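> Quick note, the sequence shown lines up with residues 1474 to 1644 if you use our numbering. Backbone N, C-alpha and C fix where the C-beta goes; we use that ideal spot for every residue, glycine too. Keep in mind that this is a model prediction, so the values were computed, not measured. This structure is in structure tokens; I'll ask about it shortly.
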Amino acid sequence: MSIEDEIRDRVGRGMLHAMQPSARGEAACRALLLTKELRTQIYTPGDDEWEKRKGHLFADLDVFITGEPIDPNYMFLLQPVKFGVWEIRSRHPRPGLRVLGLFATKDVFVAINLAVRKTLGGRTSPEWAAAVLGAKAAWQQIFPGNAPLISAEVNDVVSGAIDGQYFQPES
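Laid out in structure tokens, this is it:
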């Protein structure tokens, strides 16, 4: 089965949810698919502060969905590059949030988990490693036998990317 068929199957079974642009009438130019768990996490009502923060997160996710230009301050490939785990950064207001996921095909991002940036520590921390490994493991559960699209070249995975450094070279 192709990855496109797998995606349709997972959406039909409720394992994935296609996020739509927040603004009515806005067209989706790229696909952002949320896991059932992530969808529950970000759509479950919370206190006023969380609701306000979620509004900014949704606006940041709209950048991807509506085809706006992408830059390295918005999207970044995490280490190790060979896993193909990317983060979408929702930096303002604090606390900063990170949505981790992988690309099924070009312009199709499967968002797997959400983390508060300050809880992740430095880029080489065990918390970052756990978040990346968790995203990779979740991909394997959702799409057993199907590899994500992995490339350090941003234009291979997303259209409309501005030139820049989208990953930190491994040392």
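Please state whether the Cβ-Cβ distance between residue 1571 and residue 1584 is less than 7 angstroms.
no
> If you measure between the beta carbons of residue 1609 and residue 1556, is that distance less than 7 angstroms?
Contact: yes.
> Please state the DSSP three-state secondary structure of residue 1616.
coil
> Do residue 1580 and residue 1637 come within 7 angstroms of each other at the CB atom, strictly closer than that value?
The beta carbons of residue 1637 and residue 1580 sit no closer together than 7 angstroms.
> Return the Cβ separation of residue 1503 and residue 1630 in integer angstroms, given the expectation that the two are a contact with Cβ distance under 8 angstroms.
In fact, because the Cβ distance is near 10 angstroms, the residues do not count as touching under 8 angstroms.
> Would you grab the beta carbon distance between residue 1621 and residue 1575 for me? Rounded to a whole angstrom, and I think it's under 8 angstroms.
4 angstroms
> By Cβ distance, which residues of its chain are closer than 7 angstroms to residue 1505, with the 5 residues on each side in sequence left out?
1492, 1534, 1537, 1538, 1582, 1584
> Quick check on residue 1484: buried or exposed, where buried means 16 or more other Cβ atoms within 10 Å of its Cβ?
Burial call: exposed.
> Could you tell me the alpha carbon to alpha carbon distance between residue 1480 and residue 1617, rounded to whole angstroms?
In this structure, the alpha-carbon of residue 1480 lies about 12 angstroms from that of residue 1617.
> How far does the beta strand (DSSP E) with residue 1586 in it reach, from first residue to last?
DSSP places residue 1586 inside the beta strand (DSSP E), whose first and last residues are 1581-1589.
> Excluding the 5 residues flanking residue 1512 on each side, which residues of the same chain have their C-beta closer than 7 angstroms to its C-beta?
1490
> Can you name the start and end residues of the alpha helix (DSSP H) that residue 1531 belongs to?
Judged by DSSP secondary structure, residue 1531 falls within the alpha helix (DSSP H) whose first and last residues are 1521-1538.
> Please report the distance separating the alpha-carbon of residue 1528 from that of residue 1623.
30 angstroms
> Roughly how many whole angstroms lie between the Cα atoms of residue 1562 and residue 1596?
14 angstroms
> How would you label residue 1474, buried or exposed, when you count the other beta carbons within 10 angstroms and need 16 or more for buried?
exposed
> Would you mind sorting residue 1486 into buried or exposed? The rule is 16 or more other CB atoms within 10 Å of its CB.
exposed
> For residue 1611, which of 1519, 1509, 1640, 1601 has the nearest alpha-carbon?
That would be 1509, whose Cα lies nearest to the Cα of residue 1611.
> So what does residue 1571 bridge to, in DSSP terms?
1562, 1588
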